[in-house]
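Encoded as structure tokens, the structure appears first; notes follow it.
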Amino acid sequence: MDNEELLKILESTQEEENDRLKVGPEEYDPGETLAQLSDGVLIEYIANLSQDPRKDFTREEYFRDKEIKQREHDEATRQERGEIHPPIFAGCTIYINGYTKPGRLQLHEMFVSYGGNFLHYLSGKRKITHIVATNLPLKKRLEFRNYKVVRPEWITESIDQEKLLPWQNYALSWDQEQKNLQFKAASPPPSDTIDCKDPNFIQNFFENSRLHHLSNWKADLRSKFLNDTFTKPSPGDSLSIFHIDFDCFFATVAALSCNTCDIDRDPIVVCHGTKSSDIASCNYVARKYGIRNGMWVSRAKTLLPPDVELVCLPYNFEQIENKSKIFYEVLKDYEIKFDLILPISIDEAVCVIINNHSIEPIDCDQICRDVRSQIWEKTKGCTVSIGCSDFLVLSRLNLKLAKPNGYRVLTQDQLTKDEQFWDDFLAKFSIDDLPGVGYSIVSKLRADNPELDNLLQLKQYYHNSLPLLQKCVGKKTGNKIFSFLQGKDDQESSRMIYQPEEFFARKSLSIEINWGIRFDTVQEIDDFIDSCAVYLVRKLIDLNKKTSQITMKLMRRSAHAPIEPAKYLGMGECDALSHTSRLGIPTSEVGVIATELKCTFRLLACPPKELRGVGVQFNKLVEVSSSVGGQQDKLRLPFQKTLNFELFNNLPNDVKADFSKELKRRDIIITGGPSVRSSRPTTYQERFMEELPTQIRNEVKHDMRITEKIKKTKLSELREQTRKKKESIKNVRAHLLGRESLFEPIKFQKETRFKDICKIVLDWVDATLIDGPHEKDLELFETYLDRLSDANRVPLILRISKLISTRLNLKSNYHGEDSGFQEWERFLLTVIIPKLNKNKHTFQTVRKLDIDFDL
DNA sequence: CGAGGCGCCCAG
DNA sequence: CATCGCTGGGCGCCTCG
0 MDNEELLKIL ESTQEEENDR LKVGPEEYDP GETLAQLSDG VLIEYIANLS
50 QDPRKDFTRE EYFRDKEIKQ REHDEATRQE RGEIHPPIFA GCTIYINGYT
100 KPGRLQLHEM FVSYGGNFLH YLSGKRKITH IVATNLPLKK RLEFRNYKVV
150 RPEWITESID QEKLLPWQNY ALSWDQEQKN LQFKAASPPP SDTIDCKDPN
200 FIQNFFENSR LHHLSNWKAD LRSKFLNDTF TKPSPGDSLS IFHIDFDCFF
250 ATVAALSCNT CDIDRDPIVV CHGTKSSDIA SCNYVARKYG IRNGMWVSRA
300 KTLLPPDVEL VCLPYNFEQI ENKSKIFYEV LKDYEIKFDL ILPISIDEAV
350 CVIINNHSIE PIDCDQICRD VRSQIWEKTK GCTVSIGCSD FLVLSRLNLK
400 LAKPNGYRVL TQDQLTKDEQ FWDDFLAKFS IDDLPGVGYS IVSKLRADNP
450 ELDNLLQLKQ YYHNSLPLLQ KCVGKKTGNK IFSFLQGKDD QESSRMIYQP
500 EEFFARKSLS IEINWGIRFD TVQEIDDFID SCAVYLVRKL IDLNKKTSQI
550 TMKLMRRSAH APIEPAKYLG MGECDALSHT SRLGIPTSEV GVIATELKCT
600 FRLLACPPKE LRGVGVQFNK LVEVSSSVGG QQDKLRLPFQ KTLNFELFNN
650 LPNDVKADFS KELKRRDIII TGGPSVRSSR PTTYQERFME ELPTQIRNEV
700 KHDMRITEKI KKTKLSELRE QTRKKKESIK NVRAHLLGRE SLFEPIKFQK
750 ETRFKDICKI VLDWVDATLI DGPHEKDLEL FETYLDRLSD ANRVPLILRI
800 SKLISTRLNL KSNYHGEDSG FQEWERFLLT VIIPKLNKNK HTFQTVRKLD
850 IDFDL
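If you're matching positions, the first sequence starts at 0 in numbering that gives the first Met the number 0 and goes up one per residue.
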């Protein structure tokens, strides 16, 4: 496309925009709008209007107004109906162009009730994620050519299926020919091309991830357990504990639906691939050759003799769920009622009978035989093994000996009465057969005594010296292992039996994806973060909970690790970066959470192409019921209910009356006195942008948009304020001056330190916004920047300047007039920015190699 | 010296 | 073709007041 054509398009769209603007304001009803705003939003709104120097109040303000109004209205509709739909469109904002079927109103209603945002006007095209249309004239086609233009079916079919379908499948074809072709092709979703940039990636990944299923099933079973009734034993009760576990569950299920293999003769594994694929489960024939769960297929193949072929079977998650359901039903319906059926996982449960002395003693052997045969029959071919005892750890050890396809009943008395018998028993187990003892703890124990191999040796080595063991592995772990070696459970282990409701209660919610993560741009990652937020919030709402603390964990390719690791699309060797945000207020709003996460991602400064994994955790969960009502509204207001007179006075005359009425109705007082605000933030921003090299202006703008969003949510302001209270200015200053070496030992090879420095600098900025930074500190800081510059690490300077600028931007409302703020602004503009400009040329090349925050 | 945060560890 | 390396909770160690 040549320049002239481009210009034409630009002009024409501008005209159209203007046309639209002329009609807009007639529908404006300020009274109605204002009444729908919360106090905090109202006050901020007035402040914004008053601050804006371009005071014609017909364009931007009108649309902003309209938008707020619309959103509040949508929210109200959503709540009035009391219908709770999954927020499948969360994070999406649409604009509907022209005639559609179903009609505009219907689509609007559908879209917002499923969590989407709707814009009546193309006020700022940037905010829109999708444009909905059935056909577009040529002019519009060009105008929208960089947007996701979809057919209305995208909305209706997504709602039908209750999930966000990939818009690509509903993209409006540019010409009729193509459209016809598409209909003929009947385009089934090409499932093999789903990568992490696809909106359905997470769903697709989870559908195939065994570990995700294991975690998910476990959570479901726990929640089911809590909804059931059970009899809780008291300490001192005599118990019979049955630890029941399927034998190589996944492999058995897979083999059952495969009629060409023999589970007793062929070495069978369950896996996705042929080389670097994890073995989820292997049968006992395979184990005979040394094959283990978790091993890669390629390795397993090397363990077999040349004439034996490994049988790789696919996962059959559906049948696994099915057999597990039968398993739990058998346990529940068993004729001698279990007092507790504690779910350990999809294929494993601990059943407890409280021995009541008034009735005949139970026959544990008989129960084991009954349960085993019933499960064998009802699952049509799955075997379970059972370990039974009167203590959890002993049941587990018995189970280990019972496997495969057997059972074993031995009480603590029987096991430990005779010391020789007990020693022989212990000698049968390796150290990591103890529950809670894995690779790392074994290594610690071996560091003390490399000879340690089995539990008997472990017992003999630490003999009666608990302190020695605790010194090696820690207090509680030492205590636990020591108890186990006596054939007893420690307190923590038995909590599952004695306080099951507390033990099984959910305390956190998280998502983690460390496979298939290969992004190029921040925008793609933003979309991905949105998907994560939507996924988690959906669960959060299901749980009827809100969260007040969010942790983001990123996996970043280690500097020396190859770009592509051995495992296809695997994460390879990574450094973990993490950051926790306190929200101040519990929330379940996907927008707030997603914005916070996107900010956090920027703070962690992981170059998009280096990203190999993303994790998000909601750490502090609170019941929704405890945070609704008036309390929340109060918390939402970081301001007192007063309004500065000058702010009010600055308003255009025609709207003053409306506000006046509304303020009176709400008892908001207008206070006198000179204004504390000016329009400087705008100036500051413009100046800053002006100074930046053009090629990075866009990305700064992008970041600022995110920051703007945060401002709107209010949460961050509140958070910053509460955080600030805790901060001691003195401490930070002492930190910088006291350790003059702070900027000294920067090892440029090791970038993790840069993150810390960013953190410190931001804290420093926060703490000195009022009184200003110490001259000496600034000097040191400048020296540090110079050294970065000398070492060709200009991107780092860019990053730090961006962090400072966004921080200042965020704070401008509160500290714009403070001398500290001004001092920082001066430093940014006169010291840091010139360094960036000076390095423009090197910067471009370095940037390609190092960070790639392109837009 | 207790509370709380961070990160490692473990299980299935 | 590959491949689907999750997720929740405990514990140890550190820092902060």
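Yeah, the Cβ is synthetic: ideal placement off N, Cα and C, and Gly gets one too.
The structure presented is a predicted model; accordingly, all values stated were derived computationally and were not measured.
Which residue wins for smallest C-alpha separation from residue i, given the options the options?
{"i": "R806", "options": "G289, H84, D762, L777", "result": "D762"}
{"i": "V351", "options": "I335, I358, S357", "result": "I335"}
{"i": "N543", "options": "S587, H578, C531", "result": "S587"}
{"i": "Y333", "options": "V310, I366, I353", "result": "I366"}
{"i": "T133", "options": "T476, S357, K126, V148", "result": "V148"}
{"i": "I832", "options": "G819, S818, I796, E816", "result": "I796"}
{"i": "G437", "options": "R407, A426, V472", "result": "V472"}
{"i": "L393", "options": "I240, K566, I95", "result": "I240"}
{"i": "S493", "options": "Y314, D194, T230, P234", "result": "P234"}
{"i": "Q459", "options": "D541, D422, V441", "result": "D422"}
{"i": "F600", "options": "S577, T546, S624, P499", "result": "S577"}
{"i": "D90", "options": "R77, G583, V623, F117", "result": "Before going on, a small fix: residue 90 reads as Gly here, not Asp. When only C-alpha atoms are compared, the closest one is F117."}
{"i": "L768", "options": "H814, S788, N226", "result": "H814"}
For residue i and residue j, I'd like the C-alpha separation in whole angstroms.
{"i": "D488", "j": "R264", "result": "39 Å"}
{"i": "T128", "j": "G515", "result": "24 Å"}
{"i": "P466", "j": "E161", "result": "57 Å"}
{"i": "K834", "j": "E501", "result": "57 Å"}
{"i": "R505", "j": "L539", "result": "11 Å"}
{"i": "L691", "j": "N812", "result": "Bear in mind that a pLDDT of 43 at L691, under 50, signals an unreliable position, so the model cannot answer this."}
{"i": "C757", "j": "E781", "result": "14 Å"}
{"i": "K183", "j": "R517", "result": "Here the model assigns K183 a pLDDT of 41, short of 50, so the residue's position is not dependable, and the following value carries that caveat. So the alpha carbons of these two residues sit roughly 33 Å apart."}
{"i": "L535", "j": "S275", "result": "30 Å"}
{"i": "K416", "j": "E347", "result": "29 Å"}
{"i": "D159", "j": "R368", "result": "48 Å"}
{"i": "L409", "j": "N397", "result": "7 Å"}
{"i": "I290", "j": "H271", "result": "16 Å"}
{"i": "S323", "j": "R445", "result": "38 Å"}
{"i": "I154", "j": "R371", "result": "50 Å"}
{"i": "D244", "j": "I759", "result": "51 Å"}
{"i": "I340", "j": "Y406", "result": "18 Å"}
{"i": "I728", "j": "V764", "result": "Here the model assigns I728 a pLDDT of 38, short of 50, so the residue's position is not dependable, and the following value carries that caveat. In a straight line, the C-alpha of I728 is about 10 Å away from that of V764."}
{"i": "A46", "j": "D73", "result": "Confidence at A46 is low in this model, with a pLDDT of 48, below 50, so the placement of that residue is unreliable and no value is reported for it."}
{"i": "A75", "j": "I799", "result": "41 Å"}
{"i": "Q202", "j": "F420", "result": "52 Å"}
{"i": "S530", "j": "L454", "result": "47 Å"}
{"i": "I358", "j": "F337", "result": "15 Å"}
{"i": "S157", "j": "S112", "result": "13 Å"}
{"i": "T721", "j": "A218", "result": "With a pLDDT of only 43 at T721, under the threshold of 50, the placement of this residue in the model should not be trusted; the figure read from the coordinates follows. Between T721 and A218, the C-alpha separation is close to 34 Å."}
{"i": "R298", "j": "I278", "result": "10 Å"}
Assuming residue i contacts residue j under a Cβ cut-off of 8 Å, what Cβ separation, rounded to an integer in Å, is found between them?
{"i": "L620", "j": "S507", "result": "7 Å"}
{"i": "I345", "j": "I319", "result": "7 Å"}
{"i": "R537", "j": "P85", "result": "6 Å"}
{"i": "T550", "j": "N618", "result": "6 Å"}
{"i": "L457", "j": "I430", "result": "6 Å"}
{"i": "P198", "j": "P165", "result": "5 Å"}
{"i": "S222", "j": "C247", "result": "Incorrect: roughly 27 Å between the Cβ atoms, too far for contact."}
{"i": "M570", "j": "P564", "result": "7 Å"}
{"i": "V623", "j": "V589", "result": "Contact doesn't hold; Cβ gap of about 15 Å is too wide."}
- Query: Quick check: the segment 280 to 297 against the segment 378 to 386, are there 3 or more CB pairs under 8 Å?
  - Reply: no
- Which residue spans inside the segment 67 to 155 form an unbroken alpha helix (DSSP H) run of at least 4? 103 to 112, 137 to 142
- Message: For a minimum of 4 consecutive residues, which ranges assigned as the alpha helix (DSSP H) are wholly contained in the segment 467 to 538?
- Response: 474 to 484, 490 to 497, 499 to 503
- Task: Decide yes or no for the touch test of the segment 466 to 484 against the segment 520 to 533: beta carbon pairs closer than 8 Å, at least 3 of them.
- Result: no
- Can we say the segment 766 to 781 touches the segment 810 to 830, given the rule of at least three CB pairs closer than 8 Å? yes
- Query: Considering only residues of the segment 559 to 632, which uninterrupted beta strand (DSSP E) runs meet the minimum length of 3 residues and lie entirely inside it, listed in chain order?
  - Reply: 573 to 586, 610 to 617, 620 to 622
- Quick one: any contact between the segment 597 to 609 and the segment 522 to 533, if contact means 3 or more CB pairs under 8 Å? yes
- Query: Are the segment 248 to 263 and the segment 304 to 320 in contact at 8 Å, needing three or more beta carbon pairs?
  - Reply: yes
- Segments assigned alpha helix (DSSP H), at least 4 residues, entirely inside the segment 240 to 317: 248 to 255, 283 to 287, 296 to 302
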